[in-house]
Amino acid sequence: MKDDPGSPATFGQNLDELERIVRRLETDTHLPLEEALDLYERGLHLSKQCRERLTSARQRLTEIDASQEDADNLDDEPGDDGS
28 MKDDPGSPAT FGQNLDELER IVRRLETDTH LPLEEALDLY ERGLHLSKQC
78 RERLTSARQR LTEIDASQED ADNLDDEPGD DGS
């Protein structure tokens with residue numbers, strides 16, 4: 028998984044951990060209350076990080092699409108050859 032403990036986790040790593048937490052909360056009926064609360068809190072944190080990364084990725088895609096549309100529009104403009 029993460030090689031450098033100081034480096035941020037990837038989206039996939041966060042999602043995997045979130046899925047493990049959800050699975051544990053759903054299946055471990057003998058989980059102590061404090062541990063369940065800690066896992067729930069960690070899950071909320073991971074969920075927020077995943078949403079932020081998805082929002083950032085969506086924004087980046089929007090910018091890429093807009094940039095490509097601008098480039099396509101420049102290609103469609105008449106050139107200096109009188110057309």
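In the working numbering, the protein residues as written are 28 to 110. We treat Cβ as the ideally placed atom computed from N, Cα and C, and that holds for glycine.
Give a yes or no on whether the C-beta atoms belonging to N41 and L73 are separated by under 8 Å.
-> yes
Would you mind reading off the limits of the alpha helix (DSSP H) that contains T82?
-> 60-103
Return yes when the Cβ of L66 is within less than 8 Å of the Cβ of L52, no when it is not.
-> yes
Tell me whether D55 sits in a helix, a strand or coil according to DSSP, three-state version.
-> coil
Is it buried or exposed for I91, if we count other Cβ within 10 angstroms and need 16 for buried?
-> exposed
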